[in-house]
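Q: Please read through the structure below; I'll follow up with questions.
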Amino acid sequence: MFKLNGKKAIITGGSQGLGFSMVKAFHEAGVEVAVIDISGDIVNMPSKFKTNDVKVHAVKGNLLDMTSLKQSFEEALEKLGGTVDILVNCAGLMDRNPAFEVSLGSWHRIMGLNVTAVFELSRLAATEMKKQGSGKIINMGSILSVLGGFNAVAYSTSKGAVLQLTKSLSNEWAGYGIQVNAIAPGYMLTTMNDDLVNDPVRAPQVEARIPSKRWGTPEDVAGVALFLAAPASDYVTGTLIPVDGGVLGR
0 MFKLNGKKAI ITGGSQGLGF SMVKAFHEAG VEVAVIDISG DIVNMPSKFK
50 TNDVKVHAVK GNLLDMTSLK QSFEEALEKL GGTVDILVNC AGLMDRNPAF
100 EVSLGSWHRI MGLNVTAVFE LSRLAATEMK KQGSGKIINM GSILSVLGGF
150 NAVAYSTSKG AVLQLTKSLS NEWAGYGIQV NAIAPGYMLT TMNDDLVNDP
200 VRAPQVEARI PSKRWGTPED VAGVALFLAA PASDYVTGTL IPVDGGVLGR
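Read in order, the letters of the sequence shown correspond to residues 0 to 249 in numbering that gives the first Met the number 0.
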């Protein structure tokens, strides 16, 4: 029910944070992974995973550019031998500024990576998954998919869109054996949240809102991703699973 040995996955934004934890978890579960990232360090990714015979491949690509996105997907697919069972859309951007100070350029970049790239990669992956009659697409939402947030207008809007995209695609593709779900991380200890974690005013306010009394870790999210990638979740689609220490349950 939870076996993933021999499966093949494409993970975006896998060089750090939540994405890296998923690459590590999938690799340990026996999944061959192709990681797409814009980071220059992505070329060193395979050397970090030599604990078993399962390969991790590196693909450098700019997901804000549709030509680069398609080329990156095709390269990742080729490295995986022409098959993809799992897509994890983890790459993302945030602009932590008041709405009056968010430039349109920043707005478009966030929407481009957090929404448009997710849509296009999902279509490309689903085209391959449809041929084999099965597949798992895991999108990275947020607690801000359902909450308004503060000083994160573009990010919050984009994550709301990811939730609706997840629901819509799940409806269209369930008949092909493809499950589409999203994870909603809460307040996480990642580089994206460094400013918040180190804010002497906001950090204590955040911690007070978390019933579990701690910030989340990338490993907390990786476990849920493994469930959504496994046969155990074959009848789960179109949903958002919070990993937030209880924030949305308040």
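Beta carbons are placed, not taken as given, at the ideal position from N, Cα and C, and that holds for glycine.
Closer than 7 Å by C-beta to THR236: which residues in its own chain qualify, once you throw out the five before and the five after it? Chain order, please.
A: Correct list, in chain order: SER169, ALA173, GLN178, VAL179 and ASN180.
Q: My parser needs the beta strand (DSSP E) runs of 3 or more residues fully inside the segment 15-42; what are they?
A: 31-36, all fully within the segment 15-42.
Q: Given a cut-off of 7 Å on the beta-carbon distance, is the pair ALA224 and MET21 in contact?
A: Yes, they are a contact pair.
Q: Cutting at 6 Å between CB atoms, please list the residues of its own chain near ALA153, excluding the five before and the five after it.
A: If we look at ALA153 and ignore the five residues flanking it on each side, its Cβ neighbours are ASP94, VAL101, TRP106 and ILE109.
Q: By Cβ distance, which residues of its chain are closer than 6 Å to ALA8, with the 5 residues on each side in sequence left out?
A: Excluding residues within five positions, the ones whose Cβ falls inside 6 Å are PHE25, VAL30, VAL32 and ILE85.
Q: So, at 8 Å on beta carbons, what are the nonlocal neighbours of MET0 in its own chain, with the 5 sequence-adjacent residues on each side left out?
A: ALA229, PRO230 and ALA231, listed in sequence order.
Q: Whose CA, out of ASN150, ILE142 and VAL161, lies closest to the CA of GLY244?
A: Ranking ASN150, ILE142 and VAL161 by Cα distance to GLY244 puts ILE142 first.
Q: Once DSSP output is grouped into helix, strand and coil, what is the label at THR236?
A: In this structure, THR236 counts as coil in the three-state DSSP scheme.
Q: Whose C-alpha, out of VAL145, LYS59 and ASP198, is nearest the C-alpha of VAL246?
A: Minimum Cα distance to VAL246 is reached at VAL145.
Q: Tell me whether the segment 34-42 and the segment 61-73 touch, counting them as touching only if at least three CB pairs, one residue from each stretch, are closer than 8 Å.
A: These segments touch.
Q: So, for GLY185: in the same chain, excluding its five sequence neighbours on each side, which residues have a beta-carbon less than 6 Å away from its beta-carbon?
A: Excluding sequence neighbours, GLY185 sits near ILE142, GLY215, ASP243, GLY244 and VAL246.
Q: Just reading off the alpha helix (DSSP H) that PRO184 is part of, what are its end residues?
A: First-last for PRO184: 177-184, but that is the beta strand (DSSP E), not the alpha helix (DSSP H).
Q: Please state the DSSP three-state secondary structure of LEU146.
A: Reduced to three states, the DSSP call for LEU146 is coil.
Q: So, are the CB atoms of VAL55 and PHE48 less than 7 Å apart?
A: For VAL55 and PHE48, yes; Cβs fall inside 7 Å.
Q: Anyone know if the C-beta pair for ALA90 and LEU112 falls short of 7 Å?
A: Yes, they are a contact pair.
Q: Do VAL161 and ASN192 come within 7 Å of each other at the CB atom, strictly closer than that value?
A: No; because the gap between Cβ atoms is not below 7 Å, this pair is not in contact.
Q: How many whole angstroms separate the CB atoms of PRO217 and THR189, which I take to be in contact at a CB cut-off of 8 Å?
A: Correct: roughly 6 Å between the Cβ atoms.
Q: Pick out the complete alpha helix (DSSP H) segments inside the segment 58-141, 4 residues or longer, and give them in chain order.
A: For the segment 58-141, whole alpha helix (DSSP H) runs of length 4 or above, ordered along the chain, are 65-78, 103-110 and 116-131.
Q: From VAL87, LEU239, ILE240 and SER133, pick the residue whose C-alpha is nearest to that of ASP233; which is it?
A: Minimum Cα distance to ASP233 is reached at SER133.
Q: Given that a residue counts as buried once 16 or more other Cβ atoms are within 10 Å of its Cβ, and exposed if not, what is PRO241?
A: PRO241 comes out buried.
Q: Beta-carbon separation of GLY12 and GLY18 under 7 Å?
A: Yes, the pair counts as a contact, with Cβ atoms nearer than the cut-off.
Q: Helix, strand or coil for THR189? Go by DSSP, reduced to three states.
A: Note: THR189 maps to coil in three-state DSSP.
Q: When you compare only the Cα positions, how much space is there between ASN197 and ASP52?
A: About 40 Å.
Q: Report the option in SER14, GLU171, ASP219 and GLU27 whose CA atom is closest to the CA atom of LEU3.
A: For the residues SER14, GLU171, ASP219 and GLU27, the minimum Cα distance to LEU3 belongs to GLU27.
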